[in-house]
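For the sequence shown, the positions run 1 to 513 when the UniProt record's numbering is used.
See below for the structure under consideration.
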Amino acid sequence: MESTGLASPASANVCADSTDGGLSQRWVPSIYRPGAGPPIDLLASSRSHLSVVREALQSLDSYNERIARQPYDFNAWSRRGNCMMILGFPELAVADAYKAKVLEKRAPGNDQERAHIYNLLEAALQACHCQWDAAEILDESAIDADPRRQEETRKRLAKLRELLKRKEEAAIPLGGTSFELRDRIRDGGVLAVEYPWTIERHLRRAPELVKLVNQELRGGETEATCYLGQSSLAKDSNEDMLGMFAAREVQAGECILTDRTATGICSTPSSDSCCNCYARLPENPTQAECCAESYCSAACLNLAMNTYHKVICGKDFTWLQKPAKGLTHNASPLRSLLMLRLLATCVQSGIDHSPLDHPLIARLKPLANKEHLDVFTLNESVIVPIKILEQLGVDIFTNRNFDTDILHSIWTRLANNKAGSPDPRLGFVDEITPHLPLFNHSCEPNVEWRRENGSTTVSFFAIKPIAKGEELFCSYLNVQRIPMEQRQEMLWPWFEGSCLCSRCEKEGNSLRI
Numbered sequence: 001m002e003s004t005g006l007a008s009p010a011s012a013n014v015c016a017d018s019t020d021g022g023l024s025q026r027w028v029p030s031i032y033r034p035g036a037g038p039p040i041d042l043l044a045s046s047r048s049h050l051s052v053v054r055e056a057l058q059s060l061d062s063y064n065e066r067i068a069r070q071p072y073d074f075n076a077w078s079r080r081g082n083c084m085m086i087l088g089f090p091e092l093a094v095a096d097a098y099k100a101k102v103l104e105k106r107a108p109g110n111d112q113e114r115a116h117i118y119n120l121l122e123a124a125l126q127a128c129h130c131q132w133d134a135a136e137i138l139d140e141s142a143i144d145a146d147p148r149r150q151e152e153t154r155k156r157l158a159k160l161r162e163l164l165k166r167k168e169e170a171a172i173p174l175g176g177t178s179f180e181l182r183d184r185i186r187d188g189g190v191l192a193v194e195y196p197w198t199i200e201r202h203l204r205r206a207p208e209l210v211k212l213v214n215q216e217l218r219g220g221e222t223e224a225t226c227y228l229g230q231s232s233l234a235k236d237s238n239e240d241m242l243g244m245f246a247a248r249e250v251q252a253g254e255c256i257l258t259d260r261t262a263t264g265i266c267s268t269p270s271s272d273s274c275c276n277c278y279a280r281l282p283e284n285p286t287q288a289e290c291c292a293e294s295y296c297s298a299a300c301l302n303l304a305m306n307t308y309h310k311v312i313c314g315k316d317f318t319w320l321q322k323p324a325k326g327l328t329h330n331a332s333p334l335r336s337l338l339m340l341r342l343l344a345t346c347v348q349s350g351i352d353h354s355p356l357d358h359p360l361i362a363r364l365k366p367l368a369n370k371e372h373l374d375v376f377t378l379n380e381s382v383i384v385p386i387k388i389l390e391q392l393g394v395d396i397f398t399n400r401n402f403d404t405d406i407l408h409s410i411w412t413r414l415a416n417n418k419a420g421s422p423d424p425r426l427g428f429v430d431e432i433t434p435h436l437p438l439f440n441h442s443c444e445p446n447v448e449w450r451r452e453n454g455s456t457t458v459s460f461f462a463i464k465p466i467a468k469g470e471e472l473f474c475s476y477l478n479v480q481r482i483p484m485e486q487r488q489e490m491l492w493p494w495f496e497g498s499c500l501c502s503r504c505e506k507e508g509n510s511l512r513i
């Protein structure tokens with residue numbers, strides 16, 4: 001049976017363990033700073049608090065059923081949002097409160113119901129450290145409030161504005177562009193976690209996925225140059241750590257793999273760019289039959305048609321591209337462009353399936369439950385994905401395959417696996433290729449990857465001779481002449497822990513002697 005998005009706790013076997021220890025192992029709140037979180041201190045581990053978690057999960061089950069029956073009832077969404085706050089998932093409470101707000105505008109409730117929605121949304125945003133968004137919501141809520149509540153709201157808003165002013169004063173000395181300054185002020189953040197109701201197959205990569213990737217690597221060839229298997233860095237045979245290996249002897253300088261992707265974007269595409277990979281168009285480009293779009297090759301045309309193009313053809317998404325135009329560094333408008341490609345790919349493959357089952361997403365591993373902080377904002381994390389899905393024809397109130405926990409889980413996988421860099425012609429290129437995320441890092445790599453000029457296509461080359469069966473490692477950053485302690489700090493965003501490569505192991509052992 002396919003996932004229906006936000007599965008009920010019972011169906012996800014959340015409470016299958018008879019001990020509170022079993023529940024606490026699956027329940028990890030995404031709030032990373034105590035005090036800004038839910039009304040009950042759920043970070044404690046006593047039985048009483050775990051019983052509160054059980055009760056909240058049971059309530060969540062009933063609200064899921066209510067939403068399934070009455071998807072346009074704003075009260076159902078706001079009540080589920082309350083549940084998410086109690087459980088310590090304010091990012092999900094933000095989305096539920098926002099949906100309740102949208103529905104309440106369509107069929108207005110009373111002043112008390114409206115005030116509850118605004119209060120929930122503001123509290124959830126504060127818990128996600130989105131002070132700028134919370135201030136905007138407070139400002140909006142004050143317009144319709146009664147005089148007494150309006151005065152109270154204005155006081156809270158003034159305090160938030162003062163906090164944001166201090167935040168801006170602290171951000172200015174760091175330098176950077178206006179977009180970088182804006183993102184420092186507006187970006188919130190939550191910990192990447194695996195939600196306790198997540199079904200088992202979405203928690204680890206299955207053997208069937210490994211077989212599928214190896215079929216991709218073979219393509220039309222009888223023998224591939226590389227294959228996917230369990231990494232040599234894995235602690236034991238049960239650990240979900242994959243890696244790429246040489247399928248035969250490889251000579252230094254040899255191209256091992258060319259990785260063409262459908263899920264790459266750029267900030268400033270030019271009129272002479274391929275509509276899929278953004279390479280310069282040849283003199284006689286390949287034309288799409290359905291529209292005026294041009295491609296550099298039949299390979300790019302077929303890739304676009306088989307992944308995302310059919311569902312976006314004829315739809316105007318310039319509202320997403322316009323804010324990114326001219327950017328030469330990674331910034332918030334690029335997040336939405338990348339989500340468009342991924343969501344379109346998932347929608348084209350079928351909205352009756354969970355996006356987490358899509359092979360391009362299922363292969364990506366997030367840094368979940370490792371104290372890893374992911375960016376979160378009301379606009380990029382909630383509003384824009386909803387607008388994209390609605391433009392693609394998905395009803396975000398009835399289709400639980402695209403509920404917020406799924407969308408946020410997609411983003412945590414993207415954030416940890418995407419690769420971006422400036423490009424002199426395209427501004428900034430950001431992408432998820434099918435196979436780059438499957439190469440593990442080493443500070444002493446035997447493979448280097450290069451982006452083909454002005455394109456999202458990536459090629460992998462052997463730096464040195466590689467034996468058959470040897471694991472292939474690339475470097476996520478240029479760390480060749482950098483001391484180990486500094487390397488570990490630079491690589492922290494990918495690992496939230498120590499680098500496991502042979503160079504770091506050797507240097508670490510020598511330091512301990």
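Cβ atoms here follow ideal geometry from the backbone N, Cα and C, with glycine treated the same way.
- Contact annotation: Val375 and Val94 have beta-carbon atoms that are not nearer than 8 Å.
- According to DSSP, residue pairing for Asp133 in a beta bridge does not occur.
- A direct Cα-to-Cα measurement between Arg148 and Val193 gives close to 40 Å.
- The three-state reading of DSSP puts Gly229 in strand, counting E and B together.
- Distances from the alpha-carbon of Asn440 to those of Tyr476, Glu485, Asp357, Arg201 put Tyr476 closest.
- Here the alpha carbon of Asn110 sits roughly 14 Å from the alpha carbon of Ser78.
- Per DSSP, Ile256 is one residue of the beta strand (DSSP E) stretching across 255 to 259.
- In the pairwise beta carbon analysis, the stretch 302 to 309 is classified as not touching the stretch 452 to 468: fewer than three pairs are separated by under 8 Å.
- With fewer than 16 other Cβ atoms from the protein chains shown falling within 10 Å of its own Cβ, Ile172 counts as exposed.
- If one requires a minimum length of 4 residues, the alpha helix (DSSP H) runs lying completely within the stretch 393 to 457 are 404 to 417, in chain order.
- Asn276 has its alpha-carbon roughly 15 Å from the corresponding atom of Met339.
- Comparing alpha carbon positions, the residue from Pro493, Tyr72, Arg186, Pro359 closest to Lys99 is Tyr72.
- At the C-beta level, Ile312 and Ala344 come within 8 Å of one another.
- Per the C-alpha coordinates, the member of Ala368, Phe179, Arg363, Val394 positioned closest to Leu436 is Arg363.
- The beta carbon of Lys370 lies closer than 6 Å to those of Glu496 in the same chain, with the five residues before and after it left out.
- CA-CA distance, Phe402 to Leu438, rounds to 25 Å.
- For Leu120 against Ser267, the beta-carbon gap comes to about 35 Å, at or over 8 Å, which does not count as contact.
- Its chain contains Leu164, Ile185, Arg186 as the residues whose beta carbon lies nearer than 7 Å to that of Trp132, once the 5 sequence neighbours on both sides are disregarded; these appear in chain order.
- A contact is defined here as three or more CB-CB pairs under 8 Å, and the stretch 251 to 267 fails this definition with respect to the stretch 485 to 503.
- Per the coordinates, the alpha-carbon of Cys291 lies some 30 Å from the alpha-carbon of Ala419.
- The criterion of a C-beta distance shorter than 8 Å is satisfied by Gln488 and Cys499.
- The three-state reading of DSSP puts Phe317 in coil, since its state is none of H, G, I, E or B.
- For Arg503, the secondary structure class from DSSP, reduced to helix, strand or coil, is helix.
- Taken through DSSP and simplified to helix, strand or coil, Arg204 comes out as coil.
- Secondary structure of Phe245 (DSSP, three-state): strand.
- Judged by DSSP in its simplified three-state form, Asp96 adopts helix.
- Straight-line spacing of the CA atoms in Met84 and Val102 works out to 18 Å.
- With respect to Ile137, Phe74 sits apart: the two C-beta atoms are not nearer than 8 Å.
- Taken through DSSP and simplified to helix, strand or coil, Val213 comes out as helix.
- By a beta-carbon distance limit of 8 Å, Glu91 contacts Ser30. Their separation comes to about 6 Å.
- When DSSP states are grouped into helix, strand and coil, Tyr308 belongs to the coil group.
- The C-beta distance from Leu125 to Leu378 rounds to 6 Å, short enough to fall under 8 Å.
- Distance from the CA atom of Ala298 to the CA atom of Ser273, rounded to whole angstroms, is 14 Å.
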